[in-house]
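Right, one structure below, let's go through it.
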Amino acid sequence: MTDGPIRVVGLSGSRRAGSYTHVAIERALTASATAGAETTHLEGRSLDIPLLDPDAAAAGDVERLRDVVAASDAILLGTPMYHGSYSGVLKNMIDHCGFDEFEDATVGLLAVAGGRFPITALEHLRSVCRSLNAWVLPWEVAVPRARTVIEGDRFTDEAIEERVVELGERAVEYARISPHQHSFESEENVGAAHR
Ligand SMILES: Cc1cc2nc3c(=O)[nH]c(=O)nc-3n(C[C@H](O)[C@H](O)[C@H](O)COP(=O)(O)O)c2cc1C
30 MTDGPIRVVG
40 LSGSRRAGSY
50 THVAIERALT
60 ASATAGAETT
70 HLEGRSLDIP
80 LLDPDAAAAG
90 DVERLRDVVA
100 ASDAILLGTP
110 MYHGSYSGVL
120 KNMIDHCGFD
130 EFEDATVGLL
140 AVAGGRFPIT
150 ALEHLRSVCR
160 SLNAWVLPWE
170 VAVPRARTVI
180 EGDRFTDEAI
190 EERVVELGER
200 AVEYARISPH
210 QHSFESEENV
220 GAAHR
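The sequence shown begins at 30 in our numbering and counts up one residue at a time.
Printed below as a string of structure tokens:
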């Protein structure tokens, strides 16, 4: 967290060309920028983030990932729905981070599904963030039946686009909230402090 302009980073956890998650996070970040924030989009597709080996030194784009996330006031996590949860691509990005990057950060959640129920991915991400002492916005976005909602790089469903815009705006509004209590889960999250 820094002084100066609010910084918002978006992590999108799909490696698919034409990812709807990418489009949705990009839209949320545009809304954050309109609300006055500096934004960065770290895409699962273009970053080189090796599978986490806790014994190995940081390689590829891992240092950049950690530096940008740690310097951000708010983090938007975007994921495709995979088998009832969030993607391994996003999990791996989060696993390369810890308290240094997430503790007391404001986090906004967004999940994109081919089907109708992206909710469990959002629930699972919320639990992960709790173990890292992040402050997760109550407002979250589910993009169901993505191919009927997004076409190319644009939303065709105005109501869902409006929710995405609101996520980006609220991330800025609550970027510097000061949470005063840490979670019980975090006390046992020894990996987050000693990666
Ligand atoms: C491995 C895998 C598992 C998936 N599991 C689900 C699922 O459980 N529920 C669902 O609604 N869609 C599921 N989908 C569909 C994706 O959520 C959908 O294609 C989504 O648009 C992918 O996001 P992306 O466009 O950002 O890559 C799955 C897709 C893949 C590749």
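Heads up, the beta-carbon is just placed ideally off N, CA and C, and yes, glycines get one too.
- One Cα belongs to Tyr115, the other to Ala85, and the distance between them is close to 25 Å.
- Under the three-state reduction of DSSP, Tyr111 is assigned to strand.
- Between Pro79 and Ala88, the CB-CB gap stays under 7 Å.
- Within a 10 Å sphere around the beta-carbon of Pro34 sit fewer than 16 other beta-carbons, which makes this residue exposed.
- For Ser41, the enclosing beta strand (DSSP E) begins and ends at Arg36 to Ser41.
- The beta-bridge partner set that DSSP reports for Glu72 consists of Ser41.
- Closer than 6 Å to some heavy atom of ligand 1: that does not describe the Cβ of His70.
- With fewer than 16 neighbouring CB atoms inside 10 Å of its own CB, Gly143 falls in the exposed class.
- Shown here, Ala103 sits in a strand according to DSSP, grouped into three states.
- In the structure shown, the three-state DSSP call for Glu132 is coil.
- By the Cβ neighbour-count rule, Thr177 is exposed, with fewer than 16 other Cβ atoms within 10 Å of its own.
- Separation of Ser160 and Leu151 (C-alpha to C-alpha, rounded to the nearest whole angstrom) is 15 Å.
- Following the DSSP letters along the chain, one finds Glu187 in no beta strand (DSSP E) but inside the alpha helix (DSSP H) bounded by residues Glu187 to Glu202.
- Within the same chain, and ignoring the five residues on either side of Val201 in sequence, the residues whose Cβ sits closer than 6 Å to its Cβ are Ile35, Ser61, Ala64 and Ala66.
- The residues Ala60 and Ala64, in chain order, have a CB closer than 6 Å to that of Glu198 in the same chain once the five nearest residues on each side in sequence are set aside.
- DSSP lists no bridge partner for Arg159.
- Of all alpha-carbon atoms in Leu154, Gln210, Leu58 and Ser212, the one lying nearest the alpha-carbon of Met110 is that of Leu154.
- C-alpha of Val219 to C-alpha of Arg145: approximately 36 Å in a straight line.
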